[in-house]
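Residue numbers (the numbering used here), protein chains in the order written: chain A, 1 to 55; chain B, 56 to 297.
All C-beta atoms in this analysis are idealised placements derived from N, C-alpha and C, irrespective of residue type, glycine included.
No experiment lies behind these values; they were computed from the predicted model shown.
This report concerns only the one structure given below.
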Amino acid sequence: MMPDLGKYAFAVLASYGLSIALIAGLLALSFWQRLRVKRALDEVEARTGRGTGDG
Amino acid sequence: MSIWEYANPKKFMQTSAWALPWVLGATVLCLGVGLVWGFFFTPDDYKQGSTVKIIYIHVPAAMMAINAWVMMLAASLIWIVRRHHVSALAAKAAAPVGLTFTLIALVTGAFWGQPMWGTWWAWDPRLTSFLILGLFYLGYIALWSAVDNPDTAADLTGVLCIVGSVFAVLSRYAVNFWSQGLHQGASLSLDKKENVSDVFWLPLVICIAGFVLLFLTLVLMRTRTEIRARRLAALLARERLA
Numbered sequence: 001m002m003p004d005l006g007k008y009a010f011a012v013l014a015s016y017g018l019s020i021a022l023i024a025g026l027l028a029l030s031f032w033q034r035l036r037v038k039r040a041l042d043e044v045e046a047r048t049g050r051g052t053g054d055g
Numbered sequence: 056m057s058i059w060e061y062a063n064p065k066k067f068m069q070t071s072a073w074a075l076p077w078v079l080g081a082t083v084l085c086l087g088v089g090l091v092w093g094f095f096f097t098p099d100d101y102k103q104g105s106t107v108k109i110i111y112i113h114v115p116a117a118m119m120a121i122n123a124w125v126m127m128l129a130a131s132l133i134w135i136v137r138r139h140h141v142s143a144l145a146a147k148a149a150a151p152v153g154l155t156f157t158l159i160a161l162v163t164g165a166f167w168g169q170p171m172w173g174t175w176w177a178w179d180p181r182l183t184s185f186l187i188l189g190l191f192y193l194g195y196i197a198l199w200s201a202v203d204n205p206d207t208a209a210d211l212t213g214v215l216c217i218v219g220s221v222f223a224v225l226s227r228y229a230v231n232f233w234s235q236g237l238h239q240g241a242s243l244s245l246d247k248k249e250n251v252s253d254v255f256w257l258p259l260v261i262c263i264a265g266f267v268l269l270f271l272t273l274v275l276m277r278t279r280t281e282i283r284a285r286r287l288a289a290l291l292a293r294e295r296l297a
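Written out as structure tokens, the structure reads:
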């Protein structure tokens, strides 16, 4: 299944590996920030009785 | 219905909540199909061997690194002219995504350049303008973090975005302006002679669509977070005053 990358295997695999790692890192960071901010906002809205109704 | 309705944070949150799962699904589909097709089911190039497979990441990432800055420029101009907060927050949300694409383009370019050109890096017009674009992304993100007042930060970063646009344009057209560099011209062109071979073309176009959708997914998600963070800060400030 794995294609024969020959003498360029390192260049190709490193390119894919690093790119996927960078994108996965950005996605993880974005999800984590979303979770953290949403949780904090829900807490404050519950405390103050102000809801957004923003879905 | 006017596009300016989406400048209302509530309307933006409602619409983006509906759109986000669809855009995310389309992103996974396009990137999955494009990358698997490109990596596993396309032949080696007769000159470049298997390094041609890097094209499916390098070209879409480079295109989106430039286009992300163009999107930030449009959003910044909307902020400067019409003072819509959502557009300023969308520009802020897009910057880390653009920076990531710039890093991917630079790193994959180095991995591709080493076996093909015999060097990881050259002070070639396109490479150099791309590096400067990356530094502008860093400066833009740093400026947002450095200024406490969000409206002032949006104003200053808007100006920085306009200045940095010179390098976004240079990154795109440097190869056409100066012909002495190592980097070749556009991989995709309406001119059949300049275009990549047909066998690489379709998976490449699918990958580009995947990167566009990935950008959209991340910007929508991050803009929603920025809007929530802005509301959180406002509520906390109101609570402190009460």
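Where the alpha helix (DSSP H) containing residue i begins and where it ends
i, result
"Trp-175 of chain B", "Neither: Trp-175 of chain B is in no alpha helix (DSSP H) and is coded neither H nor E."
"Thr-70 of chain B", "64-95"
"Val-260 of chain B", "253-296"
"Pro-180 of chain B", "180-201"
"Thr-48 of chain A", "9-48"
"Trp-124 of chain B", "110-137"
Same chain only: Cβ atoms within 8 Å of residue i, ignoring 5 sequence neighbours per side
i, result
"Cys-85 of chain B", "Ile-261, Cys-262, Ala-264, Gly-265 and Leu-268"
"Ala-21 of chain A", "none"
Residues near residue i by beta carbon distance below 7 Å, same chain, minus five either side
i, result
"Trp-167 of chain B", "Thr-106, Ile-109 and His-113"
"Tyr-192 of chain B", "Ala-150, Gly-153, Leu-154 and Thr-157"
"Val-78 of chain B", "Leu-268, Leu-271, Thr-272 and Leu-275"
"Gln-169 of chain B", "Trp-175"
"Gly-213 of chain B", "Ser-131, Trp-134 and Ile-135"
"Leu-291 of chain B", "none"
With 16 other Cβ atoms within 10 Å as the buried cut-off, status of residue i
i, result
"Gly-49 of chain A", "exposed"
"Ala-116 of chain B", "buried"
"Lys-7 of chain A", "exposed"
"Phe-65 of chain B", "According to the sequence provided, residue 65 of chain B is Lys. The question's Phe does not apply to it. Lys-65 of chain B should be labelled exposed."
"Gly-55 of chain A", "Here Gly-55 of chain A scores only 47 on pLDDT, less than 50, and its place in the model should not be relied on; the value that follows carries that caveat. It counts as exposed."
"Arg-293 of chain B", "exposed"
"Val-274 of chain B", "buried"
"Tyr-111 of chain B", "buried"
"Met-2 of chain A", "exposed"
"Thr-97 of chain B", "buried"
"Val-37 of chain A", "buried"
"Met-68 of chain B", "buried"
"Ser-298 of chain B", "Since the displayed chain B opens at 56 and closes at 297, residue 298 of chain B lies outside it and no answer follows."
"Gly-89 of chain B", "buried"
"Ala-35 of chain A", "The sequence given here places Leu at residue 35 of chain A; Ala does not occur at that position. It is exposed - the Cβ of Leu-35 of chain A has fewer than 16 other Cβ atoms within 10 Å."
"Tyr-16 of chain A", "buried"
"Val-91 of chain B", "exposed"
"Arg-277 of chain B", "buried"
"Ala-11 of chain A", "buried"
"Trp-199 of chain B", "buried"
"Thr-207 of chain B", "exposed"
"Arg-138 of chain B", "exposed"
"Ala-201 of chain B", "exposed"
Top-ranked residue by Cα proximity to residue i, from the options
i, options, result
"Ala-209 of chain B", "B:Met-171, B:Ser-131 and B:Arg-137", "B:Ser-131"
"Ala-62 of chain B", "B:Val-78, B:Met-126, B:Trp-92 and B:Ala-143", "B:Ala-143"
"Gly-93 of chain B", "B:Arg-279, B:Ala-72, B:Ser-252 and B:Thr-212", "B:Ser-252"
"Ala-74 of chain B", "B:Ala-289, B:Val-125 and B:Thr-272", "B:Thr-272"
"Phe-270 of chain B", "B:Asp-100, B:Ala-123, B:Gln-69 and B:Ser-71", "B:Ala-123"
"Ala-120 of chain B", "B:Phe-222, B:Gly-213, B:Ala-297 and B:Thr-278", "B:Phe-222"
"Leu-186 of chain B", "B:Leu-161, B:Asp-206 and B:Ile-196", "B:Leu-161"
"Thr-70 of chain B", "B:Met-126, B:Arg-279, B:Asn-204 and B:Val-224", "B:Arg-279"
"Phe-255 of chain B", "B:Ala-72, B:Ile-58, B:Pro-76 and B:Gly-104", "B:Gly-104"
"Leu-188 of chain B", "B:Trp-176, B:Leu-215, B:Thr-163 and B:Gly-173", "B:Leu-215"
"Pro-258 of chain B", "B:Glu-60, B:Ala-72 and B:Gly-87", "B:Gly-87"
"Gly-194 of chain B", "B:Asp-179, B:Ile-217 and B:Ile-159", "B:Ile-217"
"Phe-31 of chain A", "B:Ser-184, B:Thr-207 and B:Ala-148", "B:Ala-148"
"Ala-145 of chain B", "B:Leu-211, B:Glu-281 and B:Lys-102", "B:Glu-281"
"Ala-40 of chain A", "B:Arg-286, B:Leu-296 and B:Ala-297", "B:Arg-286"
"Leu-18 of chain A", "B:Trp-178, B:Ala-288, B:Ala-289 and B:Ala-165", "B:Ala-165"
"Met-127 of chain B", "B:Ile-196, B:Trp-172 and B:Asp-99", "B:Ile-196"
Contacts around residue i, its chain only, beta-carbon distance under 6 Å, and the 5 residues preceding and following it disregarded
i, result
"Gly-219 of chain B", "Phe-191"
"Leu-5 of chain A", "Val-12"
"Glu-60 of chain B", "Lys-66"
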